[in-house]
Amino acid sequence: MDEFRLKVFITAAKALSFSKCAAALNITQPAVSRHIGELEARFGVPLFSRGSSGVGLTKAGRLLLQHAEGLLSAYQKMDYDMDLLAQAGQGRLAIGASTTIAMYLLPEILASFMERSDGIEVSMLSGNSENVEQWLRDGTVDIGFVENASRRPWLHYERLMADELVLVAGTHGRYASLESVTPQEFRTLPLVLREKGSGTREILENVLRGCGIGPEDLNVVIELSSTEAIKAFVRSSDTLAVVSVIALRRELADGALRIVDIDGVDMPREFATVVRPGEFSGLNERFHHFVVREASLR
Numbered sequence: 001m002d003e004f005r006l007k008v009f010i011t012a013a014k015a016l017s018f019s020k021c022a023a024a025l026n027i028t029q030p031a032v033s034r035h036i037g038e039l040e041a042r043f044g045v046p047l048f049s050r051g052s053s054g055v056g057l058t059k060a061g062r063l064l065l066q067h068a069e070g071l072l073s074a075y076q077k078m079d080y081d082m083d084l085l086a087q088a089g090q091g092r093l094a095i096g097a098s099t100t101i102a103m104y105l106l107p108e109i110l111a112s113f114m115e116r117s118d119g120i121e122v123s124m125l126s127g128n129s130e131n132v133e134q135w136l137r138d139g140t141v142d143i144g145f146v147e148n149a150s151r152r153p154w155l156h157y158e159r160l161m162a163d164e165l166v167l168v169a170g171t172h173g174r175y176a177s178l179e180s181v182t183p184q185e186f187r188t189l190p191l192v193l194r195e196k197g198s199g200t201r202e203i204l205e206n207v208l209r210g211c212g213i214g215p216e217d218l219n220v221v222i223e224l225s226s227t228e229a230i231k232a233f234v235r236s237s238d239t240l241a242v243v244s245v246i247a248l249r250r251e252l253a254d255g256a257l258r259i260v261d262i263d264g265v266d267m268p269r270e271f272a273t274v275v276r277p278g279e280f281s282g283l284n285e286r287f288h289h290f291v292v293r294e295a296s297l298r
């Protein structure tokens, strides 16, 4: 089945409008009608109902939509994997990643990418988000992955995926039964935090400023540059920490740590891919899209 025809059908089915589909795909409305007509002729059933109230999907249309999205995704994956194979041995990829991303997101994805990219030379450095941005500026790495909210005007950023910071406590000791705290109670808690310059610390401080709490108001017991070290410290002491939820999969599953709510406070953030201006292309761009696709499946 033609890949573009599937794309036309999916776009029209979701918009329930042939004119909007045409505009979205930069084709004419008669071309949309022709593609849909050829699909209906192939399957021998109408896919859309057309009436005074507008366009709707028939039962057959709804069924085809379920299958079409999977087929289109498979087509795109096939094209991508074949393109990677065609580019094998054609490049070097120097990656810089913030600590959380380097430890909890990239390793499995990077292994999968290299499996499909024979001959591409890959290296990765890990540090905080400021480190990664500096490595890009001085040419140490080709592509970076960061978690901070601020943006440097000399770099180009692309959204990677959503993340969230949460407050955690150990399941033994003083805070084992703590369910929630107010923002004002939070400022008195003994905290283990990432160092200044890390994306985690920046997001936390930005959120707290919105609650009228400055960095100097916090009861910081110790700063550590490793999320693994932070989790181990919390498990072994009467302290709490703010960490990325993707770093907690194992500890939440085995009951070593638990999330404590902060009343009325959420700490969402976004991971971003970052490159030097004009360099979001070629191998950099292919790796970014590969990470986006793989991260969405995990």
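So the sequence shown is numbered by the numbering used here: it starts at 1 and just counts up by one. We treat Cβ as the ideally placed atom computed from N, Cα and C, and that holds for glycine.
Which of helix, strand or coil DSSP assigns to residue i
i, result
"Gly89", "Annotation note: pLDDT 49 at Gly89 (below 50); position unreliable, no value reported."
"Met114", "helix"
"Asp163", "strand"
"Ser150", "coil"
"Ala15", "helix"
"His176", "The sequence shown places Ala at residue 176, not His. It is coil, neither helix nor strand."
"Ile120", "coil"
"Val132", "helix"
"Arg286", "helix"
Residue i to residue j span [Cα, whole Å]
i, j, result
"Glu121", "Val141", "13 Å"
"Met124", "Leu165", "24 Å"
"Leu160", "Arg92", "21 Å"
"Thr100", "Asn148", "11 Å"
"Thr11", "Phe43", "19 Å"
"Ile230", "Leu224", "6 Å"
"Thr273", "Gly54", "41 Å"
"Gly255", "Thr28", "57 Å"
Own chain residues within Cβ distance below 6 Å of residue i, not counting five before or after
i, result
"Glu3", "Tyr75"
"Phe113", "Phe290"
"Glu205", "Pro215"
"Ala94", "Ser123, Val141 and Asp142"
"Val260", "Leu167, Ala169 and Leu178"
"Leu65", "Ala13"
Own chain, CB closer than 8 Å to residue i, minus 5 neighbours either side, in chain order
i, result
"Ser129", "Ser98, Val146, Glu147, Asn148, Gly197, Ser198, Gly199 and Glu202"
One or two residues paired with residue i in a DSSP bridge
i, result
"Ser98", "Gly127"
"Tyr157", "Val274"
"Ala169", "Leu240 and Arg258"
9 Å Cβ cutoff, residue i in contact with chain C
i, result
"Glu216", "As a matter of chain content, chain C is missing from the structure shown, which is built from one protein chain."
Distance cut-off 8 Å: residue i Cβ against heavy atoms of the ligand ADP
i, result
"Glu202", "Here there are no bound small molecules, and the ligand ADP is not part of this structure."
Can you list the alpha helix (DSSP H) stretches of 4 or more residues lying completely in the stretch 196-264, in chain order? Taking only runs of at least 4 residues, the alpha helix (DSSP H) segments lying wholly in the stretch 196-264 are 199-209, 227-235 and 249-254.
Taking only runs of the beta strand (DSSP E) that begin and end inside the stretch 25-88, which ones reach a length of at least 3 residues, in chain order? Entirely contained in the stretch 25-88, the beta strand (DSSP E) runs reaching 3 residues are, in chain order, 48-51 and 54-57.
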